[in-house]
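S.K.:
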Amino acid sequence: MRSIIRFETPVSIYAHASAVGGAEADGPLGALFDFHDPTDRFGADTWEKGEESLSRAVLNLALSRAGQSQDEIDLLFSGDLQNQCVASSAGCGSMGIPYCGLYGACSTSCEGLLLASLALSASRETRRVAVVTTSHNAAAERQFRLPLEYGGQRTPTAQWTATAGGAFLLARANEPTLDPVAPRITAALVGRALDSGVKDGANMGAAMAPAAADTILRFFSLSGERPYDYDRIVTGDLGAEGSALLVELLRENGLNLAGRHRDCGVLLFDPLKADVHAGGSGCGCSASVLSALFLPALERGELRRILFLATGALMSPSNLLQGGSILGIAPLVVLEAGKPKKGGTT
Amino acid sequence: MFGAPLDYLFAFLVGGTVCLFAQLLIDLTKLTPARILVIYVVLGVFLGAVGLFEPLADFAGCGITVPLVGFGGNVARGVRESVSESGLIGALTGGLSAASGGTAAALCFGYLVALFCNARPKRP
Amino acid sequence: MNFDRRRYLDRVKERERRSPLFKNCFFAFTFGGGICALGQLLLSLYLYAGLSERDAGTLVTVTLIFLSAVLTGVGAFDNVARVAGAGTLVPVTGFANAVVSPALDCKSEGLVMGVGAKIFAIAGPVLLFATLSGAVYGVVYYVVGLFL
Chain A
0 MRSIIRFETP VSIYAHASAV GGAEADGPLG ALFDFHDPTD RFGADTWEKG
50 EESLSRAVLN LALSRAGQSQ DEIDLLFSGD LQNQCVASSA GCGSMGIPYC
100 GLYGACSTSC EGLLLASLAL SASRETRRVA VVTTSHNAAA ERQFRLPLEY
150 GGQRTPTAQW TATAGGAFLL ARANEPTLDP VAPRITAALV GRALDSGVKD
200 GANMGAAMAP AAADTILRFF SLSGERPYDY DRIVTGDLGA EGSALLVELL
250 RENGLNLAGR HRDCGVLLFD PLKADVHAGG SGCGCSASVL SALFLPALER
300 GELRRILFLA TGALMSPSNL LQGGSILGIA PLVVLEAGKP KKGGTT
Chain B
0 MFGAPLDYLF AFLVGGTVCL FAQLLIDLTK LTPARILVIY VVLGVFLGAV
50 GLFEPLADFA GCGITVPLVG FGGNVARGVR ESVSESGLIG ALTGGLSAAS
100 GGTAAALCFG YLVALFCNAR PKRP
Chain C
0 MNFDRRRYLD RVKERERRSP LFKNCFFAFT FGGGICALGQ LLLSLYLYAG
50 LSERDAGTLV TVTLIFLSAV LTGVGAFDNV ARVAGAGTLV PVTGFANAVV
100 SPALDCKSEG LVMGVGAKIF AIAGPVLLFA TLSGAVYGVV YYVVGLFL
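Residue numbers (numbering that gives the first Met the number 0), protein chains in the order written: chain A, 0 to 345; chain B, 0 to 123; chain C, 0 to 147.
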């Protein structure tokens, strides 16, 4: 699918929820998340199991917001960073909903929204689809990097895998029972896996920036629009390093983002705090920030149209040790505000 | 009881310099900490082999024996003594026996700590 | 998209924020020197207590390893090392931390296949190359000895 997918019937995100761990709750967006666990364990005895229960908890919260039970959901897309995506399959994936596990590294949230919209457009019988993505700092550190108590220094380009999760419930916007203010996905563009040549696992922003630039350039050249047609261009987790590289790459290709760019990874943590360095990352980073910050702004009408691209660094430690480089990917969805509330409610 | 003050000064200066070089390697090259530790320990064996380790240790004391170079120096000394004593088989038996104190301590304490403690989440 | 990988990598390298070299070196020097001086103090005390030079040396190593293991267990070591860098990595404290931290981490996978198997995950290379280079030296020393 090289072309932009335009959904004849837009897809509404009619309910969503977010949750984070302790470090994220202490960050600048801390108060916006639906709940957090300062211990990062989410009631489980290991980090990995904690991520499973996080994945179930955010989906359950989104369901209860919609007043629905899991039996009313037709399809679930979910992904995380753990090997075999086990946090998703053992977490929300085991709740009895027909389930597809996804791996798009940190781009999974957007990949899931895109696939959910496709599924809703493809089948009349599929009425409600859930998308859940999570990441867990401790589980990711153990799997990809070093033991938690290992004493090392992180380089300034390194990013901090967020302990976070987000759940989204989607349906076609013409469903009669739906709240018309719900933000909707009107179009999407599938990203291309792009080899940045970067081999430094501690500089994933640089590995993802070319993929993000590629998707953005393709989108604007296919649609004929300009960045000022959008209130925000939101990337998932390029971090400070990757964001600066993205802006430079786009400028070289004749596209000026005109101050509209925001990055969830940069927003999630206070950059002055030691050791966060370039910002947050992980499947849960973009998902939780989308649910806690950007979707509410669309619901309130403060933002009308945004581009949302979660960015993924498709990194494998053994591939890196074998001399491989990190591929980046960035799927994109267009998010628009729903119908404004009538009658001037406050 | 506390030994000569000058011993502390030399231990501090030499030990600090050994660590400073490692920091330069970490920050200025792409060498990972694990590789640097390997380089240091092999360097220690080399220094011991060419007979420089003992004079350095006499001068700097713990400044050279406490860093991982000392681990390597110990291995070299153990190998040399074992080969002198029991021939070629000493090349295999000497190294680990000389380093056994530290290795066994790390393994045993590591196991005990794992029994009684839990890892904590990292915080920025 | 106009994308030249070589040029891009050059740019990434160029604009990469570097670690604060002077600060890192200062702390590496002071912490590393400090740990060695602490070792010296322990050595003096053990010698004063009547231990042989060799036993006192081993006991210094064991004591420092014990302290690092405890600090790792209570979750303090990584916070110190974040500042000290090579200052805690290069002394035997770093070796101890490299053994203890994966053991602690992999407790959830069981005491044999978790702690037991992973305890060498980081320190393994050090033990391997120390043993290997020692053995090579031993053979060379033996062969040279035959001709002297």
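Glycine included, every Cβ here is placed at the ideal spot set by N, Cα and C. In this text, all values refer to a predicted model and were calculated from it rather than measured experimentally.
1) Return the Cβ separation of Leu326 (chain A) and Asp194 (chain A) in integer angstroms, given the expectation that the two are a contact with Cβ distance under 8 angstroms.
2) From Tyr141 (chain C) to Ser83 (chain B), what does the alpha carbon distance come to, in whole angstroms?
3) Please list, in chain order, the chain C residues whose beta carbon lies closer than 8 angstroms to that of Phe115 (chain B).
4) Based on the DSSP secondary-structure assignment, which residues constitute the bridge partners of Thr87 (chain C)?
5) Report buried or exposed for Leu51 (chain B), applying the criterion of at least 16 other Cβ atoms within 10 angstroms of its Cβ.
6) Could you check if Gln152 (chain A) is buried or exposed, using at least 16 other CB atoms within 10 Å of its CB as the buried criterion?
7) Taking only three categories from DSSP, how would you classify Val10 (chain A)?
8) For Ile72 (chain A), which residues of its own chain have a beta-carbon under 6 angstroms away from its beta-carbon, when the five flanking residues on both sides are left out?
9) Skipping 5 residues on each side, what residues in its chain have a beta carbon closer than 8 angstroms to that of Leu249 (chain A)?
10) Would you identify the three-state DSSP class for Arg64 (chain A), choosing helix, strand or coil?
11) Work out the CA separation of Phe76 (chain A) and Leu42 (chain B) for me, nearest whole Å.
12) Tell me the rounded alpha-carbon separation between Cys35 (chain C) and Gln22 (chain B).
13) Assuming Asp236 (chain A) and Asp262 (chain A) are in contact, meaning their beta carbons sit under 8 angstroms apart, how far apart are those beta carbons, in whole angstroms?
14) Hey, quick one: how far does the beta strand (DSSP E) through Ala163 (chain A) stretch, first residue to last?
15) Looking at C-beta atoms only, is the number of pairs between the segment 12-25 of chain C and the segment 148-162 of chain A that lie closer than 8 angstroms three or more?
16) Thr71 (chain C) and Leu103 (chain C): beta carbons closer than 8 angstroms?
17) I'd like to know whether the C-beta of Asp9 (chain C) is nearer than 8 angstroms to at least one C-beta of chain A.
18) Taking the C-alpha atoms as reference points, what is the distance between Arg4 (chain C) and Val233 (chain A)?
19) Tell me whether Thr176 (chain A) sits in a helix, a strand or coil according to DSSP, three-state version.
20) Could you tell me which chain C residues have their CB closer than 8 angstroms to the CB of Leu19 (chain B), listed as they occur along the chain?
21) With DSSP as the reference, label Gly49 (chain C) as helix, strand or coil.
22) For Phe58 (chain B), which three-state DSSP category applies?
23) Please classify Thr176 (chain A) as buried or exposed, where buried requires at least 16 other C-beta atoms within 10 Å of its C-beta.
24) What is the rounded straight-line gap between the Cα of Leu319 (chain A) and the Cα of Ala98 (chain B)?
25) Taking DSSP as the reference, what is the three-state secondary structure of Gly343 (chain A)?
26) Using the beta-carbon count (16 or more within 10 Å), is Thr133 (chain A) buried or exposed?
27) Rounded to whole angstroms, what's the CA-CA distance from Val61 (chain C) to Val68 (chain B)? Just pull it up for me.
28) Over what stretch of residues does the alpha helix (DSSP H) that includes Thr16 (chain B) continue unbroken?
29) What whole-angstrom Cβ distance do Gly133 (chain C) and Gly93 (chain B) have, given they're in contact under 8 angstroms?
30) For Lys47 (chain C), count neighbouring Cβ atoms within 10 angstroms of its own Cβ and tell me buried if that reaches 16, exposed if not.
31) Closer than 7 angstroms: is that where the CB of Leu292 (chain A) sits relative to any heavy atom of the ligand PLP?
32) Would you decide whether Lys12 (chain C) is buried or exposed? Buried here means 16 or more other CB atoms lie within 10 Å of its CB.
33) Going by beta-carbon coordinates alone, are Ala309 (chain A) and Pro330 (chain A) separated by less than 8 angstroms?
34) Give me the subset of the segment 48-73 of chain C whose CB atoms are less than 7 angstroms from a CB atom of chain A, sorted by chain position.
35) Output needed in chain order: residues of the segment 134-148 of chain A with a Cβ under 8 angstroms from some Cβ in chain B.
36) Out of A:Pro226, A:Glu335, A:Pro270 and A:Cys282, which has the shortest C-alpha to C-alpha gap to Glu301 (chain A)?
M.R.: Inspection of the coordinates gives the following:
1) As a working note, residue 326 (chain A) is residue 327 in the first sequence. As a working note, residue 194 (chain A) is residue 195 in the first sequence. The Cβ separation is near 5 angstroms, so the contact holds.
2) As a working mapping, residue 141 (chain C) is identified with position 142 in the third sequence. As a working mapping, residue 83 (chain B) is identified with position 84 in the second sequence. Roughly 8 angstroms separates the two Cα atoms.
3) Residue 115 (chain B) sits at position 116 when you count from the first residue of the second sequence. Gly72, listed in chain order.
4) Working through the third sequence from its first residue, we reach residue 87 (chain C) at position 88. According to DSSP, which records beta bridges pairwise, Thr87 (chain C) is partnered with nothing at all.
5) If you number the second sequence from 1, residue 51 (chain B) lands on position 52. The residue in question, Leu51 (chain B), is exposed, as its Cβ has fewer than 16 Cβ neighbours within 10 Å.
6) The count along the first sequence starts at 1 and reaches residue 152 (chain A) at position 153. The residue is buried, with at least 16 neighbouring Cβ atoms inside 10 Å.
7) Start at 1 with the first residue of the first sequence, and residue 10 (chain A) comes out as number 11. Of the three classes helix, strand and coil, the one that applies to Val10 (chain A) here is strand, per DSSP.
8) If you number the first sequence from 1, residue 72 (chain A) lands on position 73. Here the set comprises Ile96, Arg127 and Ala129.
9) As a working mapping, residue 249 (chain A) is identified with position 250 in the first sequence. Only Ala212, Ile215, Leu216, Asn255 and Leu256 meet the Cβ criterion.
10) Along the first sequence, one-based indexing puts residue 64 (chain A) at 65. Three-state DSSP puts Arg64 (chain A) in a helix.
11) For the purposes of this step, residue 42 (chain B) is identified with residue 43 of the second sequence, where counting begins at 1. For the purposes of this step, residue 76 (chain A) is identified with residue 77 of the first sequence, where counting begins at 1. Distance between the alpha carbons of Leu42 (chain B) and Phe76 (chain A) is about 53 angstroms.
12) Counted from its first residue, the third sequence places residue 35 (chain C) at position 36. Counted from its first residue, the second sequence places residue 22 (chain B) at position 23. Roughly 16 angstroms between the two C-alpha positions.
13) Mapped onto the first sequence, residue 236 (chain A) falls at position 237. Mapped onto the first sequence, residue 262 (chain A) falls at position 263. Indeed, because the Cβ distance is near 7 angstroms, the residues count as touching under 8 angstroms.
14) Along the first sequence, one-based indexing puts residue 163 (chain A) at 164. Here the beta strand (DSSP E) through Ala163 (chain A) covers Ala163 to Arg171.
15) yes
16) Taking the third sequence and counting its residues from 1, one reaches residue 71 (chain C) at position 72. Taking the third sequence and counting its residues from 1, one reaches residue 103 (chain C) at position 104. Their beta carbons are under 8 angstroms apart, which means Thr71 (chain C) touches Leu103 (chain C) by this criterion.
17) Residue mapping note: residue 9 (chain C) aligns to position 10 of the third sequence, counting from 1. Judged by the 8 angstroms Cβ criterion, Asp9 (chain C) is not in contact with chain A.
18) The count along the third sequence starts at 1 and reaches residue 4 (chain C) at position 5. The count along the first sequence starts at 1 and reaches residue 233 (chain A) at position 234. Going from the Cα of Arg4 (chain C) to the Cα of Val233 (chain A) covers about 25 angstroms.
19) Counting from 1 along the first sequence, the entry for residue 176 (chain A) is found at position 177. Coil at Thr176 (chain A), not helix or strand.
20) Reading the second sequence from its first residue, position 20 is the one you call residue 19 (chain B). Residues of chain C passing the Cβ test: Cys24, Ala27, Phe28, Gly31 and Ala85.
21) As a working note, residue 49 (chain C) is residue 50 in the third sequence. Residue state, collapsed to three classes: coil.
22) Position 59 of the second sequence, counted from the first residue, corresponds to residue 58 (chain B). Here Phe58 (chain B) sits in helix by DSSP.
23) Position 177 of the first sequence, counted from the first residue, corresponds to residue 176 (chain A). Flag for Thr176 (chain A) reads exposed.
24) Position 320 of the first sequence, counted from the start, is the residue given in the question as residue 319 (chain A). Position 99 of the second sequence, counted from the start, is the residue given in the question as residue 98 (chain B). Computed Cα separation, rounded: 33 angstroms.
25) As a first step, residue 343 (chain A) is located in the first sequence; it is residue number 344 there, counting from the start. Any answer about Gly343 (chain A) is weak, because its pLDDT of 47 lies below 50 and its placement is not dependable; what the coordinates show is given next. Reduced to three states, the DSSP call for Gly343 (chain A) is coil.
26) Translated into positions along the first sequence, residue 133 (chain A) becomes position 134. Buried is the call here.
27) Here residue 61 (chain C) is taken as the residue at index 62 of the third sequence, counted from 1. Here residue 68 (chain B) is taken as the residue at index 69 of the second sequence, counted from 1. The straight-line gap from Cα to Cα measures roughly 16 angstroms.
28) Translated into positions along the second sequence, residue 16 (chain B) becomes position 17. Start and end: Pro4 to Leu27.
29) As a first step, residue 133 (chain C) must be located in the third sequence, where it is residue number 134. As a first step, residue 93 (chain B) must be located in the second sequence, where it is residue number 94. Yes, Gly133 (chain C) and Gly93 (chain B) are in contact; Cβ-Cβ is about 7 angstroms, under 8 angstroms.
30) Residue mapping note: residue 47 (chain C) aligns to position 48 of the third sequence, counting from 1. Note on identity: in this sequence residue 47 (chain C) is Tyr, with Lys being the wrong assignment. It is exposed - the Cβ of Tyr47 (chain C) has fewer than 16 other Cβ atoms within 10 Å.
31) The model depicted lacks the ligand PLP and carries no ligand whatsoever.
32) Position 13 of the third sequence, counting from 1, holds the residue named residue 12 (chain C). It counts as exposed.
33) Sequence index remark: in the first sequence, residue 309 (chain A) carries index 310 (1-based). Sequence index remark: in the first sequence, residue 330 (chain A) carries index 331 (1-based). Going by C-beta atoms, Ala309 (chain A) is nearer than 8 angstroms to Pro330 (chain A).
34) Thr71
35) Asn136, Ala137, Glu140, Pro146, Leu147 and Glu148
36) Residue mapping note: residue 301 (chain A) aligns to position 302 of the first sequence, counting from 1. Residue A:Glu335 is the option with its Cα nearest to Glu301 (chain A).
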